[in-house]
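Visitor: Sequence lines, in order, name chains A and B. Taken in order, the first sequence gives residues 1 to 302; the numbers are from our numbering. Taken in order, the second sequence gives residues 303 to 596; the numbers are from our numbering.
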Amino acid sequence: MANHILSENLALDQEADRILKAQRRRQFVSATLRYGVLTLVGLIMLYPLIWLIGASFKSNSEIFAGAGFIPNEATISGYVQGWQTSTPYTFGRFFWNTFLIVVPKMIGTVISCTAVAYGFARFDFPGKKVLFASLIATLLLPNVVTRIPQYLLFRDLGWLDSFLPLWVPSAFAGDAFFVFMLVQFLRAIPRDMEEAARVDGANTWQVLLFIVVPLLTPALISVCLFQFMWTMNDFLGPLIYLSSVDKFPVSLALKLSIDTTEAFEWNRILAMSVLTIMPALIVFFVAQKYFIEGISAGGVKG
Amino acid sequence: MSGDNRFLGLFYLSPYIIGLLVFTALPFAASFYLSFTDYNLMSSPVFTGLDNYWKLFTGDRTFRKSLWVTLVYVFTTVPLKLAFALFIAVILNYKLKFINFFRTAFYVPSILGGSIAIAVMWRYLFADVGIVNMGLATLGFEPVNWFGDPTNALFTITLLRLWQFGSAMVIFLAALQSIDKSLYEAASIDGAGKFATFWHITMPLITPVIFFNLIMQMVQAFQEFNGPYIITQGGPLKSTYLLPLYIYEEAFRRFDMGYASAIAWVLFVIIMVLTLIAFWSSRHWVYYAGDKRS
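1) Which partner residues does B:Thr339 have in the DSSP bridge list?
2) Residues of chain B with CB under 7 Å from A:Tyr118, in chain order?
3) First and last residue of the alpha helix (DSSP H) that includes A:Phe74?
4) Using a Cβ-Cβ cutoff of less than 8 Å, which residues in the same chain neighbour B:Lys521 once the five nearest sequence positions on both sides are dropped?
5) Identify whether B:Met303 lies in helix, strand or coil by the three-state DSSP scheme.
6) Can B:Leu464 and B:Phe386 be called in contact, C-beta distance under 8 Å?
7) If I'm right that A:Leu252 touches B:Val422 with Cβ under 8 Å, what's the distance once you round it to whole angstroms?
8) Hey, how far is the Cα of A:Phe160 from the Cα of B:Tyr550?
9) Which residue marks the beginning of the alpha helix (DSSP H) containing A:Asn143, and which one marks its end?
10) Distance cutoff 8 Å, beta carbons only. Does A:Gln304 sit that close to anything in chain B?
11) Return the CA-CA distance between A:Val300 and B:Ser469, expressed in angstroms with no decimal places.
12) Tell me the DSSP secondary structure of A:Lys301 in three-state form.
13) Of all the CB atoms in chain B, is at least one closer than 8 Å to the CB of A:Asn233?
14) Examine chain B for any beta-carbon lying closer than 8 Å to the beta-carbon of A:Leu46, and answer yes or no.
15) Please report whether the beta-carbon of B:Ala385 lies at a distance below 8 Å from any beta-carbon of chain A.
16) Check the Cβ-Cβ distances between B:Ala419 and every residue of chain A, and say whether any is below 8 Å.
17) Report yes or no: do the segment 240-252 of chain A and the segment 88-108 of chain A share at least 3 C-beta pairs separated by less than 8 Å?
18) Go ahead and pull the three-state DSSP assignment for B:Trp448.
19) Counting only beta-carbon atoms, is A:Leu131 nearer than 8 Å to chain B?
20) Ends of the alpha helix (DSSP H) at A:Glu194?
21) Name the chain B residues whose beta carbon is nearer than 8 Å to that of A:Gly42?
22) Quick one: which chain B residues come within Cβ less than 8 Å of A:Leu303?
23) Less than 8 Å between CB atoms is the rule here; does A:Gly174 satisfy it with respect to chain B?
24) Per DSSP, what kind of secondary structure is A:Pro88 in: helix, strand or coil?
25) Look at the alpha carbon of B:Ser304 and the alpha carbon of B:Ser583, and state the distance between them as a whole number of angstroms.
26) Give a yes or no on whether 8 Å exceeds the smallest Cβ distance from B:Gln535 to chain A.
27) Can you pull the chain A neighbours of B:Leu398, defined as C-beta to C-beta under 9 Å?
28) In the segment 556-575 of chain B, which residues sit with their C-beta less than 7 Å from some C-beta in chain A, listed in chain order?
29) In or out: A:Ile148 buried (at least 16 other Cβ within 10 Å) or exposed?
30) At the level of alpha carbons, what is the spacing between B:Arg363 and B:Ile517?
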């Protein structure tokens with residue numbers, strides 16, 4: 001009897017062992033396949049960027065000579081000459097211009113979107129439903145349809161060839177996406193602390209400043225980062241509104257350098273391309289947690 | 303908050319309301335009006351009724367070509383990009399080491415993708431003697447004339463979009479990771495295979511995210527500008543001359559603001575109709591947890 005049980009257990013054990021082994025083998029095959037696909041796709045995705053950085057240190061004669069990314073004779077002449085540009089200004093000027101657009105835009109966005117999201121998430125008022133619907137509609141409204149009259153409006157205001165058209169609309173909570181994202185964040189935050197503060201006599205803007213903003217900080221960092229990226233990458237806005245070279249941001253300056261030197265000076269173009277993506281790359285790697293969280297929470301364009 | 307002035311919320315909304323009126327609603331209405339006018343910036347707009355639209359649909363071959371190219375571009379790019387993003391997200395959604403590393407690697411192109419620098423890079427990659435053709439030669443293929451051939455040129459622009467699948471993928475991945483694991487256990491006890499589990503459990507649960515990505519990607523794809531402007535300048539033979547390029551050139555090169563507004567409105571109506579179709583159809587295929595079917 002005892003033997004019988006023992007052998008049955010043994011058989012069960014062996015059976016379980018076999019199943020477990022088969023399972024492990026399947027898992028191994030599955031994991032290998034997954035890693036294989038991911039590595040291959042990752043290489044295809046990233047190699048162009050690696051090549052770009054490597055090629056920016058090559059000489060012009062070497063750029064199209066092979067598919068490798070390591071230069072035979074590394075040179076920084078692309079950077080030196082590219083930085084000088086064919087204009088009276090260096091690339092430093094164009095970075096400074098970009099900075100002058102990005103910073104007011106980020107500050108304006110954060111302040112206006114926080115206030116508006118707070119209004120939507122914490123108050124009841126006449127017309128709230130209609131206004132929230134308008135927010136969603138703005139989110140889906142293609143810019144292409146408002147661009148021409150906006151241009152005419154800024155022309156009448158005398159703002160053409162200045163940075164104002166590039167950041168003022170954002171300072172009026174013009175990027176509906178960010179408002180929407182912050183409203184979603186706020187709705188997930190319990191109101192207990194705010195209500196306690198109100199009972200203690202704080203008014204609503206004190207509550208906003210001292211309770212809501214600290215709780216919202218991670219979301220606000222996400223907002224800043226996305227606005228930074230999108231503004232760095234924006235090309236059509238500056239193309240339409242800026243005409244003097246001394247006001248060009250890096251995106252326009254790069255286009256200008258293509259037009260003036262591309263026929264032969266490839267490494268200058270590549271070197272300046274690398275420089276213009278560097279700020280975005282560095283910010284992304286330093287703060288990628290906020291990107292992934294922001295994009296997963298609200299869902300993002302891009 | 304109760305007890306407050308019932309207009310207090312509107313005070314906090316005031317930047318938005320002003321911005322909405324001045325920078326969105328007013329331009330929106332103005333653009334509709336302008337589309338019925340002849341306006342070259344020098345004199346004031348002259349109302350010409352349906353002339354612009356008549357010309358667009360009967361006499362303007364560039365418009366017809368541009369519209370066709372835009373539709374081909376959107377209807378190839380968006381499904382390919384979503385399918386690829388979902389495919390990679392499903393592979394990533396597994397107890398893998400380095401999942402964060404891969405997620406980051408796949409997301410980087412989305413961060414940079416819209417920039418001019420990347421469009422410049424694309425020109426070099428797909429040049430006749432660029433590394434893409436070198437790679438093809440190594441594999442034994444003939445070099446491809448990426449920018450000279452109309453079909454290839456549009457495909458090259460499409461590839462630039464596909465390369466930026468990361469943001470859609472991150473959203474898919476977040477949705478996949480939020481699915482309750484007990485559902486999979488239940489399915490496996492019931493003997494469901496992998497494919498059945500994916501089709502009957504995973505897919506329904508992520509339809510809201512598919513819907514969201516679909517709308518966002520579509521609205522953006524219809525407005526693609528940087529890629530074709532920098533890489534191909536709309537050519538060859540207008541094969542990459544997407545409507546946003548045409549609108550830009552009519553408005554800001556030829557200063558034909560009325561005509562450009564009419565094109566913009568046609569594009570807007572197309573986007574709106576497709577969005578409405580998506581919303582309308584969503585009730586048949588988008589599953590929201592908590593509604594009566596659950």
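Cβ coordinates follow ideal geometry from the N, Cα and C atoms, glycine included. Model, not experiment: these values are computed from the prediction.
Guide: Looking at the coordinates:
1) Answer is B:Phe349.
2) Under a criterion of Cβ atoms nearer than 7 Å, the residues of chain B adjacent to A:Tyr118 are, in order, Tyr314.
3) One point to set straight first is that residue 74 of chain A is Ala, not Phe, in the sequence displayed. No residue range can be given for A:Ala74, since it is assigned to no alpha helix (DSSP H) and is classified by DSSP as neither H nor E.
4) As written in the sequence, residue 521 of chain B is Val, which differs from the Lys given in the question. Answer for B:Val521: Ile573, Thr577, listed in chain order.
5) In this prediction, B:Met303 has a pLDDT of 48, which is less than 50 and means its spatial position is unreliable; nothing more can be read from the coordinates.
6) Contact flag set, yes.
7) In fact, because the Cβ distance is near 13 Å, the residues do not count as touching under 8 Å.
8) The amino acid at residue 160 of chain A is misidentified as Phe; the sequence shows Leu. Whole-angstrom Cα-Cα distance: 17 Å.
9) Careful: A:Asn143 lies outside any alpha helix (DSSP H) and carries neither H nor E.
10) No information on residue 304 of chain A is available, as it lies outside the stretch 1 to 302 that chain A covers here.
11) Unreliable placement is indicated for A:Val300, whose pLDDT of 41 sits below 50; the coordinate value is still reported in the next sentence. Distance from the CA atom of A:Val300 to the CA atom of B:Ser469, rounded to whole angstroms, is 7 Å.
12) The pLDDT assigned to A:Lys301 is 38, lower than 50, so where the model puts this residue is not dependable, and the model offers no usable value.
13) Residue-level contact check: A:Asn233 touches chain B, since one or more beta carbons of chain B fall below 8 Å from its beta carbon.
14) Yes, contact with chain B.
15) So no, B:Ala385 is outside the interface.
16) For B:Ala419, at least one C-beta of chain A is nearer than 8 Å to its own C-beta.
17) Touching, per the Cβ criterion.
18) Coil, per DSSP.
19) Residue contact with chain B for A:Leu131: present (Cβ-Cβ distance below 8 Å to some residue of chain B).
20) A:Glu194 -> alpha helix (DSSP H) spans 192-199.
21) What A:Gly42 touches in chain B: Phe404, Ala407, Phe408.
22) The shown model of chain A, from 1 to 302, leaves out residue 303 of chain A, and the question about it has no answer.
23) Closer than 8 Å to the CB of A:Gly174 there is at least one CB belonging to chain B.
24) Looking at A:Pro88 - three-state DSSP - the assignment turns out to be coil, as it is neither helix nor strand.
25) In this prediction, B:Ser304 scores a pLDDT of 49, lower than 50, which makes its location untrustworthy; no coordinate-derived value is stated.
26) So no, B:Gln535 is outside the interface.
27) Counting only Cβ-Cβ distances below 9 Å, B:Leu398 has contacts in chain A at Ala31, Arg34, Tyr35, Leu38, in chain order.
28) Those residues of the segment 556-575 of chain B that come within reach of chain A (Cβ to Cβ, closer than 7 Å) are Met559, Ala562, Ser563, Ala566, Trp567, Leu569, Phe570, Ile573.
29) With 16 or more other Cβ atoms within 10 Å, it is buried.
30) Near 29 Å, if we compare the C-alpha coordinates of B:Ile517 and B:Arg363.
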